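Protein chains in written order, with my numbering: chain A, 37 to 296; chain B, 37 to 296. This report refers to the structure that appears directly beneath it.
There are 2 protein chains.
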Amino acid sequence: MGKLKKISSVSFVGSGNVATHLAHGLSNIGIEIVEVYSVNPENANRFASRLNCSVAKDPDNLKEVDLIIIAVPDSKIEEVAVKFHGARSMVVHTSGITSMNSLGGNISYGVFYPLQTFSLQKDVDLKDVPFCIEANNKDNFNLLFELASRLSTNVKRLDSENRKILHLTAVMVNNFSNHLYHLAFDILKENNLDFDFLIPLIQETALKVKDIHPADAQTGPARRQDISSMKEHLRMLDSFPEFREVYKLLSEQIKKKYHE
Amino acid sequence: MGKLKKISSVSFVGSGNVATHLAHGLSNIGIEIVEVYSVNPENANRFASRLNCSVAKDPDNLKEVDLIIIAVPDSKIEEVAVKFHGARSMVVHTSGITSMNSLGGNISYGVFYPLQTFSLQKDVDLKDVPFCIEANNKDNFNLLFELASRLSTNVKRLDSENRKILHLTAVMVNNFSNHLYHLAFDILKENNLDFDFLIPLIQETALKVKDIHPADAQTGPARRQDISSMKEHLRMLDSFPEFREVYKLLSEQIKKKYHE
Numbered sequence: 037m038g039k040l041k042k043i044s045s046v047s048f049v050g051s052g053n054v055a056t057h058l059a060h061g062l063s064n065i066g067i068e069i070v071e072v073y074s075v076n077p078e079n080a081n082r083f084a085s086r087l088n089c090s091v092a093k094d095p096d097n098l099k100e101v102d103l104i105i106i107a108v109p110d111s112k113i114e115e116v117a118v119k120f121h122g123a124r125s126m127v128v129h130t131s132g133i134t135s136m137n138s139l140g141g142n143i144s145y146g147v148f149y150p151l152q153t154f155s156l157q158k159d160v161d162l163k164d165v166p167f168c169i170e171a172n173n174k175d176n177f178n179l180l181f182e183l184a185s186r187l188s189t190n191v192k193r194l195d196s197e198n199r200k201i202l203h204l205t206a207v208m209v210n211n212f213s214n215h216l217y218h219l220a221f222d223i224l225k226e227n228n229l230d231f232d233f234l235i236p237l238i239q240e241t242a243l244k245v246k247d248i249h250p251a252d253a254q255t256g257p258a259r260r261q262d263i264s265s266m267k268e269h270l271r272m273l274d275s276f277p278e279f280r281e282v283y284k285l286l287s288e289q290i291k292k293k294y295h296e
Numbered sequence: 037m038g039k040l041k042k043i044s045s046v047s048f049v050g051s052g053n054v055a056t057h058l059a060h061g062l063s064n065i066g067i068e069i070v071e072v073y074s075v076n077p078e079n080a081n082r083f084a085s086r087l088n089c090s091v092a093k094d095p096d097n098l099k100e101v102d103l104i105i106i107a108v109p110d111s112k113i114e115e116v117a118v119k120f121h122g123a124r125s126m127v128v129h130t131s132g133i134t135s136m137n138s139l140g141g142n143i144s145y146g147v148f149y150p151l152q153t154f155s156l157q158k159d160v161d162l163k164d165v166p167f168c169i170e171a172n173n174k175d176n177f178n179l180l181f182e183l184a185s186r187l188s189t190n191v192k193r194l195d196s197e198n199r200k201i202l203h204l205t206a207v208m209v210n211n212f213s214n215h216l217y218h219l220a221f222d223i224l225k226e227n228n229l230d231f232d233f234l235i236p237l238i239q240e241t242a243l244k245v246k247d248i249h250p251a252d253a254q255t256g257p258a259r260r261q262d263i264s265s266m267k268e269h270l271r272m273l274d275s276f277p278e279f280r281e282v283y284k285l286l287s288e289q290i291k292k293k294y295h296e
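Rendered as structure tokens:
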């Protein structure tokens, strides 16, 4: 296979949140999206009509393209990748937690991990999204890095071990914060109060840590070791046992960080 | 006392984060900041030199002003308020959790609660901050509401019971999210990875819930019920017991929300 100068054609295995957002981003910079395969035909059709590409009936016979992006649940990556052993197309996955070695049977392979949360209901500007890149050799690395750099100003080389750590912390700041929003939403709703009250606070909390260390950004009853407020909060949470447990654990941890 | 048309002079008891940010905001809209009293003379001096006001030696003899704002720890509000029983100045506190009745011995009183996180190191634009207002009568309510409306476009009447619920959820989305950032920071640091990797994700997480319900915004291993990723994460957290406990509890709760 001759050396590619640039990636210009891409197919996808998977048609969920990550695949859809990436495909839109790639399409917007002039990359041809050739085919999509998904175990879920409905999703594949939605993806194909949005991206104006073909739906592949099975992954074994994808056309040769510069890059096949596997964006499927982590547990399925290896069994999908096996289908491309021997294929001339470069193969990458988009997973934070999965080692690059899961693609080790392929000729050309790597990782193309966008560190962001994607939902179909919301557009995301990829320009600021950190892309973590890894590849089986320098040429492939350069191709992937160049491609990511056309999508984002924030592209980094990261090995599988470090990517896994990053992904773990991403779960913490994204999934878990969002769960806190969800709990707050439920309590406010129960009391006929509008979640919109919290939006400016949520924004400011996220903005603050751009500028100051989270330890300095901390405020509130646990930070101040205001025992009576914490007791009152726990009493209020008697009928919200889930929230109560979270409140207890996190307040204890914050108290410890500042007062031990 | 004749009825005021508008509040134009304010003194503060307390010189911490909330007092300082409020005083700056009030000063910027032309309110005269007359005096500050604080149990911490160093803070009081810093406040006074920033705000170009006098330092009161004790709170018993504050000059008469249109409004005295008590911005001290929740547990101190009542003992401070007692000093103004009989004073002609209107007295408010800025606490989320403290009932307005804690000021019940005063002639004119209310609550002036800005729902935001304030740190001295970071400016906050008050324009979007929700101000929750309550007062002992309609005239005082109108005065406080008018004042808050000059600071912010987001002013609401809220009674003590609802304000307390709102404050509890504010702790959840602010203090607890920030604690998650802190834990993530520590793990990344331990592994020589830069916290800046997470900033775009943190921002997006906060932006997302402006537009879509937190239940729809959720992504990640627990949402997908990706057991093997969760197991791997817990294994990685063996040496971070605090983080591990948080991971377990919140993942369990997310799983339940979507899969039971």
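Glycine included, C-beta positions come from ideal geometry on N, C-alpha and C. Note that this is a predicted model, so its numbers are computed, not measured.
Partner residues on chain A for residue i, Cβ-Cβ distance less than 7 Å
i, result
"TYR217(B)", "VAL209, VAL245 and PRO250"
"LYS225(B)", "Ordered by position in chain A, no residue passes the 7 Å Cβ test against LYS225(B), which lies about 10 Å from the chain."
"ASN53(B)", "THR255"
"SER265(B)", "ASP110 and ILE133"
"LEU285(B)", "GLU281, VAL282 and LEU285"
"LEU40(B)", "The contacting residues do not exist; LEU40(B) stays about 28 Å from chain A at best."
Where residue i falls, given that 16 or more other Cβ within 10 Å makes a residue buried
i, result
"MET37(A)", "Because MET37(A) sits at a pLDDT of 49, beneath the cut-off of 50, its placement in the model cannot be relied upon, and the following sentence gives the value as read from the coordinates. It counts as exposed."
"ARG259(B)", "buried"
"GLN152(A)", "buried"
"SER74(B)", "buried"
"PRO277(A)", "exposed"
Residue i to residue j span [Cα, whole Å]
i, j, result
"THR56(A)", "PHE148(A)", "14 Å"
"LYS119(A)", "VAL245(B)", "39 Å"
"ASN172(B)", "LEU180(B)", "11 Å"
"ARG280(B)", "LEU187(B)", "42 Å"
"LYS284(B)", "LEU62(A)", "36 Å"
"HIS129(B)", "ILE169(A)", "52 Å"
"THR241(B)", "ASN210(A)", "6 Å"
"ARG86(A)", "ILE106(A)", "18 Å"
"LYS293(B)", "LEU219(A)", "10 Å"
"PHE154(B)", "LYS192(A)", "33 Å"
"LEU58(B)", "ALA123(B)", "22 Å"
"VAL54(A)", "PHE83(A)", "11 Å"
"VAL46(B)", "GLU115(B)", "20 Å"
"ASP230(B)", "LYS42(B)", "50 Å"
"GLN261(A)", "GLY132(B)", "16 Å"
"TYR217(B)", "LYS99(A)", "44 Å"
"SER135(B)", "ILE235(B)", "37 Å"
"ARG271(A)", "SER264(A)", "11 Å"
Chain B residues whose Cβ lies nearer than 7 Å to that of residue i
i, result
"PHE181(A)", "In chain order: nothing, as chain B lies at least about 16 Å away."
"ALA258(A)", "ASN211"
"ILE238(A)", "VAL209, ALA242 and VAL245"
"GLU278(A)", "GLN289"
"PHE233(A)", "LEU151, PRO166 and LEU202"
"LEU229(A)", "ASN198, ILE201 and LEU202"
Chain-ordered chain A contacts of residue i [CB-CB under 9 Å]
i, result
"PHE221(B)", "THR205, VAL245, HIS249, PRO250 and ALA251"
"MET353(B)", "What is shown of chain B runs 37 to 296, which leaves residue 353(B) out entirely."
"SER275(B)", "Those within 9 Å of SER275(B) in chain A number zero; the least Cβ separation is about 12 Å."
"ASP262(B)", "PRO109, ASP110, SER111 and ILE133"
Per-residue DSSP class, three states only, for residue i
i, result
"ALA107(B)", "coil"
"HIS249(A)", "coil"
"ARG344(B)", "Residue 344(B) lies beyond the stretch modelled for chain B, which goes from 37 to 296, so this question has no answer here."
"PHE167(B)", "strand"
"GLY298(B)", "Because chain B here runs from 37 to 296, residue 298(B) falls outside it and cannot be looked at."
"LEU148(A)", "Checking the sequence, you will find Phe at residue 148(A) rather than Leu. It is a strand residue."
"LYS192(A)", "strand"
"LYS158(A)", "strand"
"VAL209(A)", "helix"
"ILE69(B)", "strand"
"MET37(A)", "Residue confidence is low: MET37(A) scores 49 on pLDDT, short of 50, so the model does not pin down where it sits. Its coordinate-derived value is still stated next. Correct three-state label for MET37(A): coil."
"VAL116(A)", "helix"
"VAL91(B)", "strand"
"SER185(A)", "helix"
"SER45(B)", "strand"
"GLU240(A)", "helix"
Chain-ordered chain B contacts of residue i [CB-CB under 8 Å]
i, result
"VAL241(A)", "In the sequence as presented, Val is not what sits at residue 241(A); that position holds Thr. Near THR241(A) (Cβ distances below 8 Å), the residues of chain B are THR153, VAL209, ASN210, SER213, ASN214 and ALA242."
Chain-ordered chain A contacts of residue i [CB-CB under 8 Å]
i, result
"HIS269(B)", "ILE133, LEU204 and VAL207"
"LYS99(B)", "Correct list: empty, because the minimum Cβ distance to chain A is about 29 Å."
Partner residues on chain B for residue i, Cβ-Cβ distance less than 9 Å
i, result
"LYS93(A)", "Those do not exist, as LYS93(A) stays about 26 Å from chain B at its closest Cβ, beyond 9 Å."
Checklist line | Residues of the segment 153-164 of chain A whose Cβ lies closer than 8 Å to any Cβ of chain B, in chain order | finding: Listed by position, the residues of the segment 153-164 of chain A near chain B (Cβ gap below 8 Å) are THR153, PHE154, SER155, GLN157, LYS158, VAL160 and ASP164.
Check: Along the segment 102-123 of chain A, what residues have a CB closer than 9 Å to any CB found in chain B?
Finding: PRO109, ASP110 and SER111
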